[in-house]
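Colleague: Under the working numbering, think of the first position of the sequence shown as 150, with each following residue one higher.
For reference, the structure I am asking about is given below.
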Amino acid sequence: MARDTWAYRDVAVESVADPVTGRLALRPMAGQAYASTLRVQCSRKLLDPALYPAGSCFLLSAKLTDRLGGEPFLYAWHGDPVTVLSRAQAKKFLAEYRRIRI
């Protein structure tokens, strides 16, 4: 079955240290349509502190999903290209794609 590419959106995420385990985890950056507490499932390479320290920002193509009715999370396919963003680039992306409130 082919991937539904229409379901994927660009999402700016940043790596943060999990307060319980101490391992890195990815979370959406504030100012987007997704809550910053939402889990992100992606390539393990992005969670390697030797390659990307805590606070690293990435631009992923991700979709909102849940596994058999479980808790929703963002899923980024491990084969998609990932863009490493500087803080300035992330700020610019968030300013361009800010969610409009009515």
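Glycine residues also receive a C-beta, built at the ideal position from the N, C-alpha and C atoms.
Model, not experiment: these values are computed from the prediction.
Let's see if you can read the secondary structure: which residues bound the beta strand (DSSP E) around Arg-158?
Modeller: To locate residue 158, count along the sequence shown from 1; it is residue 9. That run of the beta strand (DSSP E) goes 158–166.
Colleague: Determine the direct distance from the alpha carbon of Trp-226 to that of Val-169, and round the result to whole angstroms.
Modeller: As a working mapping, residue 169 is identified with position 20 in the sequence shown. As a working mapping, residue 226 is identified with position 77 in the sequence shown. Going from the Cα of Val-169 to the Cα of Trp-226 covers about 26 angstroms.
Colleague: So which of Val-231, Ala-166 and Leu-223 has the shortest CA-CA distance to Arg-188?
Modeller: Translated into positions along the sequence shown, residue 188 becomes position 39. The residue among Val-231, Ala-166 and Leu-223 with its C-alpha nearest the C-alpha of Arg-188 is Leu-223.
Colleague: Count the other CB atoms, across all protein chains shown, that sit within 10 Å of the CB of Ser-164; report buried if there are 16 or more and exposed otherwise.
Modeller: Locating residue 164 in the sequence shown gives position 15, where the first residue counts as 1. Here Ser-164 is buried: its Cβ has 16 or more other Cβ atoms, across all protein chains shown, within 10 Å.
Colleague: Verify whether the separation of the beta carbon atoms of Tyr-157 and Ser-210 is less than 7 angstroms.
Modeller: Here residue 157 refers to the residue found at position 8 of the sequence shown. Here residue 210 refers to the residue found at position 61 of the sequence shown. The answer is yes: Cβ separation under 7 angstroms.
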